[in-house]
Structure formats: C-alpha cells, structure tokens
Amino acid sequence: MDKAHLDHVAVFVDDICWYINFFEHTLGFKEKKREEYCGKLKQVWLDGGIQLVDEQKTQTRMAHIGILVENLPAVLKKMQQFNLKGLPKGENWLELPNGVTIELIQR
1 MDKAHLDHVA
11 VFVDDICWYI
21 NFFEHTLGFK
31 EKKREEYCGK
41 LKQVWLDGGI
51 QLVDEQKTQT
61 RMAHIGILVE
71 NLPAVLKKMQ
81 QFNLKGLPKG
91 ENWLELPNGV
101 TIELIQR
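Just so we're aligned, residue 1 is where the sequence shown starts under the UniProt record's numbering, counting upward by one.
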C-alpha cells in the first residue's frame, strides 16, 4: 500500500495578521507563501504545514486537511467504496461524513 503523509492543515481565521504574528513569534513558523485578492491578504502558508485563510463569515474553523499521496488515481479508487461527497474544486477534493474536507495532493 502506498503511504500518505500530512501536507498541511488549513484553518479559517478572522484576523490573519494576528495569527501570522502568533505562529512566527511563538513557534518560529515563517511565512512561505501568501495570496492577496484586491490588495487584501487572503491566505498565508507557514512553515509547519499551517495554512491560514482569512474568512470571517464561517461557523467552522477548519477549512481542510491536505494529504500527500503517491498515486492519486489509486487512492481515489480506494475511496470510492466509502461513498464520499466530491466537491466542485476537483476530483481530489472530498468531504467526509462529518463535514471535514480533505485535499489529496499527488506527490
């Protein structure tokens, strides 16, 4: 069986700058990448597998879990037996029964 590994965990936050400061100054997680929209900071990826997503309008805090896989088609085939809900973002985005979203990433 191919092994999978955790790549990142994405979390919705309502004050993205506070979280960047917190993770950098307490755990030393440096910013690796950022995404802006209309001049406003929307997403930041930090060392340690943390993705911060600026979103004030959501009740849930966890956006998704990113999982690295060696063979995406094989993993998707195995997951078919669990009748997971596919998401519009692509075949590699699936929703688990309790609402947790996973993103499968081909290595």
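C-beta atoms are modelled at their ideal positions from N, C-alpha and C, and glycine is treated no differently.
Taking all protein chains in view, the Cβ of Val100 is surrounded by fewer than 16 other Cβ atoms within 10 Å, so the residue is classified as exposed. The C-beta distance from Met79 to Leu68 rounds to 15 Å, too long to meet the 8 Å contact threshold. Taking the C-beta atoms as reference points, Asp47 is found nearer than 8 Å to Lys32.
Exposed is the label assigned to Ala74, since fewer than 16 other Cβ atoms lie within 10 Å of its Cβ. Excluding residues up to 5 positions away in sequence, Asp14 lie with their Cβ nearer than 6 Å to the Cβ of Gln56 in the same chain. Around the beta carbon of Gly39, fewer than 16 other beta carbons lie within 10 angstroms, which makes this residue exposed. The three-state reading of DSSP puts Asn92 in strand, counting E and B together.
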